[in-house]
Structures are given as C-alpha cells and as structure tokens.
Amino acid sequence: MKGFSGKVAAITGAGSGMGRSLALELARRGCEVALADVNDVGLAGT
Numbered sequence: 001m002k003g004f005s006g007k008v009a010a011i012t013g014a015g016s017g018m019g020r021s022l023a024l025e026l027a028r029r030g031c032e033v034a035l036a037d038v039n040d041v042g043l044a045g046t
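The numbering of the sequence shown is the UniProt record's numbering, which starts it at 1 and goes up by one.
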C-alpha cells in the first residue's frame, strides 16, 4: 500500500474481522478512519 497520511477512509463492519483489521492497519499507516458497525461492543474495542 502507498502512504495514507492525510487520507480519510470510511469503514463499515469495523467491529470485527476484516473490517477491524483494515481499520487498524490504515490508522497505523496514518489514515484518518471513520468507523461504523452494528456491533457497538466490538466497535468500541477497535
């Protein structure tokens, strides 16, 4: 992946699985993330 600094990503399903992994990796690479999930508990953990 190229640099994500200054970029914004909206990720649904961020409370678990691939959505959570993607959210964490993009944030680690400097991307601002907007997260959503029907699983409030899982989303809070992300």
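Even for Gly, the Cβ is constructed at its ideal location relative to N, Cα and C.
### Query
Which term fits residue 29, buried or exposed, when burial requires 16 or more other beta carbons within 10 angstroms of its beta carbon?
Walking along the sequence shown from the start, residue 29 turns up at place 29. By the C-beta density criterion, residue 29 is exposed, having fewer than 16 other C-beta atoms within 10 angstroms.
### Message
Nearest by alpha-carbon distance to residue 49: which of 25, 27, 20 is it?
### Response
Summary: the structure shown does not reach residue 49, with the chain confined to residues 1 through 46, and so no result is reported for it.
### Message
Beta-carbon within less than 8 Å of residue 39's beta-carbon, same chain only, minus the 5 sequence neighbours each way: which residues are those?
### Response
Locating residue 39 in the sequence shown gives position 39, counting from the first residue. Result list for residue 39: 15, 16, in chain order.
### Task
Please classify residue 33: does DSSP put it in a helix, a strand, or coil?
Here residue 33 refers to the residue found at position 33 when the sequence shown is read from its first residue. Strand.
### Message
In the DSSP assignment, the beta strand (DSSP E) including residue 14 goes from what residue to what residue?
### Response
The residue labelled residue 14 in the question sits at position 14 within the sequence shown. Here residue 14 belongs to no beta strand (DSSP E), and DSSP marks it neither H nor E.
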